[in-house]
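Engineer:
Numbering (this note's numbering), first residue to last: 12 to 561.
Right, here's the structure in full:
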């Protein structure tokens, strides 16, 4: 790289390596910024030509920051200004140049202040970890959590990494904070009640290049007691891969039993090059592609190709940034098994034990069992077979939502426990539980509440003008028809299965009957598992479910 840059310079110019992957060029006797820009353009063109290393071609790119000296400029000031312009070039898309200007001067001062505050923040314990679930895209069950860094700033409030991460990774505070994140995430995960939940931790390029990375990770695992198989290390592809050091470090991590995930796959430095050389276990598809799945056939084709590639290479695949039920449906169709995003849960403080244990166990079988009545429809037979293997109310609830969502092909489905006209969501598919809970806080005399209290079903079209129906917080409930099916057994209402529909006409009489039967099957199994009846008895005899108009 140094030779390539040097060939674009004059004899009077000076070039040197500042450290890591940064180079400095001093240009003398220029007539103005335009001359420096011309040199920068030549360098950018030159480095786009592939380099030959060890018999292989390697493509590279770089970003350039330009600072023009004045009579009063000092060397450190020029370096700082060029560094600020370099940050701007990287943030603007990389592979380009930027010239330092007055706006950047204020940015440089802000960066300097931020760098000082970061060091103080470590000493004052101002950093926090928030966790976002990584889920089974079909059932919505959490399989693990990604640990995400947050800064609890004393005057600016809770800061996201986008505000401080770039400055952090270029400061002396990078290593202490990275070690704190790894230690805290492993310690938290070791205390989670479910022994199979993993925790995923991001490491910076600087941390990856440290030769003692595997040793430090092993020491943290030993101190916290977290099994290596429950730790994912996420590596970003935002810089060229060191063909020897990085591969050796990742190999040592995998030898420990730690899983390695390639983050933001497809948008970084060289995705296929990383795949070819880096011994990863997991690919995380960037949100850029996921966000366009519903409307862009090219993005859909790219994700489909990544799925095929992952299968051939034996890698797991996780889709990032899933925000709508349509995106989740597209991922299921493409065969993406795992996902994360606001649809399934926003990042938050350490998950409570109820969140970490409220997961469905048995899954609905794909093949029909032979020992069940042959006159039951296929979807009911699958549900009955899975319910027979369930061992807790939480598992039954998860199976109920899976079955109703699959049979109906619905956009969203949830199970809600009803108490005195209010509801608490225990499980959902297609919409996060936190965006469901308030949807069912209806007046006691609302038709839906009256129907559920009497053990009947309600088929209704949401009326935006209904004062008893609060504005929905999730698009899966906006302008949709809803079917609310009671889960009832021997006069006891355990809760309700609620299904969201785009058009009322999709809810045929046959499907209504299936949903009502599912409510009865689930209610019967809950009655067997629950020692105390969770709902108030509404009749002394079973009540046949009858639809009521809204």
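The beta carbon of each residue, even a glycine, is placed where N, CA and C say it ideally should be.
These numbers come from a predicted model, not from an experiment.
1) What is the DSSP secondary structure of residue 18, reduced to helix, strand or coil?
2) Would residue 148 and residue 342 qualify as a contact pair, given that the criterion is a beta-carbon distance under 8 Å?
3) From residue 414 to residue 174, what distance separates their C-alpha atoms?
4) For the region 16-93, list the alpha helix (DSSP H) runs that are entirely contained and at least 4 residues long, ordered along the chain.
5) Kindly give me the distance between the Cβ atoms of residue 291 and residue 273, rounded to whole angstroms, as I take these residues to be in contact under 8 Å.
6) I want to know whether the region 71-86 touches the region 96-114 - three or more CB-CB distances under 8 Å.
7) Is the region 158-173 touching the region 138-145 in the sense that three or more CB pairs, one from each, lie closer than 8 Å?
8) I need the straight-line Cα distance from residue 111 to residue 47, nearest angstrom please.
9) Per DSSP, residue 270 forms a beta bridge with which residues?
10) Quick one: what's got a C-beta closer than 6 Å to residue 193's C-beta in the same chain, skipping five residues either side?
11) I need the DSSP call for residue 175, collapsed to helix, strand or coil.
12) In three-state terms, what does DSSP make of residue 203?
13) Is there contact here, the region 331-350 with the region 119-130, by at least three beta-carbon pairs under 8 Å?
14) Quick check on the DSSP output: the alpha helix (DSSP H) that includes residue 305 runs from which residue to which?
15) Measure the C-alpha to C-alpha separation of residue 243 and residue 537 and round it to an integer number of angstroms.
16) Might you give, ordered along the chain, the residues of its own chain that have their beta carbon closer than 6 Å to the beta carbon of residue 263, omitting 5 neighbours on each side?
17) Put residue 143 into one of helix, strand or coil per three-state DSSP.
18) My assumption, with CB atoms under 8 Å, is that residue 496 sits in contact with residue 530. Please give the rounded CB distance.
19) Between which two residues does the beta strand (DSSP E) holding residue 161 run?
20) Under 7 Å Cβ to Cβ from residue 195, same chain only, skipping five residues before and after it: list those, please.
21) Flag this pair as yes or no: are the beta carbons of residue 540 and residue 404 separated by less than 8 Å?
22) Drop a sphere of 10 angstroms on the beta-carbon of residue 494, count the other beta-carbons inside from all chains shown, and report buried for 16 or more, exposed for fewer.
23) Go ahead and label residue 386 buried or exposed: buried means 16 or more other beta carbons lie within 10 angstroms of its beta carbon, across all protein chains shown.
24) Report the CB separation of residue 210 from residue 241 in whole angstroms; it is logged as a contact under 8 Å.
25) Restricting to Cα atoms, I'd like to know which of 239, 81, 391, 511 is closest to residue 41.
26) Check the C-beta distance from residue 293 over to residue 329 and give it rounded, since I have them as a contact under 8 Å.
27) Where DSSP assigns a beta bridge to residue 497, which residues make up the other side?
28) Would a C-beta distance cut-off of 8 Å place residue 79 and residue 44 closer than the cut-off?
29) Taking the beta strand (DSSP E) that residue 231 belongs to, which residues open and close that run?
30) Span of the alpha helix (DSSP H) holding residue 339?
31) Ignore the nearest five residues each way along the sequence and tell me which others in residue 51's own chain have a CB closer than 8 Å to its CB.
32) Near residue 355, which residues of its chain fall below 7 Å by C-beta distance, leaving aside the five closest residues on each side in sequence?
33) Check whether the Cβ atoms of residue 309 and residue 331 sit closer than 8 Å, and answer yes or no.
34) So residue 426 and residue 522 are in contact, right, with Cβ under 8 Å, and what is the actual spacing, rounded?
35) Can you give me the start and stop residues for the beta strand (DSSP E) that residue 168 sits inside?
36) Would you tell me roughly how many angstroms separate the C-alpha atoms of residue 26 and residue 165, rounded to the nearest one?
Structural biologist: Reading it off the structure:
1) coil
2) yes
3) 43 Å
4) Entirely contained in the region 16-93, the alpha helix (DSSP H) runs reaching 4 residues are, in chain order, 44-58.
5) 5 Å
6) Yes, the region 71-86 touches the region 96-114.
7) yes
8) For residue 111 and residue 47, the gap between their C-alpha atoms comes out near 12 Å.
9) 243
10) 212, 231
11) Here residue 175 sits in helix by DSSP.
12) coil
13) no
14) Here residue 305 belongs to no alpha helix (DSSP H), and DSSP marks it neither H nor E.
15) Answer to the nearest angstrom: the Cα atoms are 36 Å apart.
16) 225
17) strand
18) 4 Å
19) 153-164
20) 140
21) yes
22) buried
23) Legend: pLDDT at residue 386 = 45, less than 50; position of this residue unreliable, no value from coordinates given.
24) 7 Å
25) It is 81.
26) 6 Å
27) 507
28) yes
29) Run containing residue 231: none in the beta strand (DSSP E); it sits in the alpha helix (DSSP H), 224-235.
30) 336-345
31) Contacts found: 75, 77, 108.
32) Hits under 7 Å: 144, 146, 151, 333, 443.
33) no
34) Wrong, their Cβ atoms sit about 18 Å apart, outside the cutoff.
35) 168-170
36) Their backbone Cα atoms lie some 42 Å apart in a straight line.
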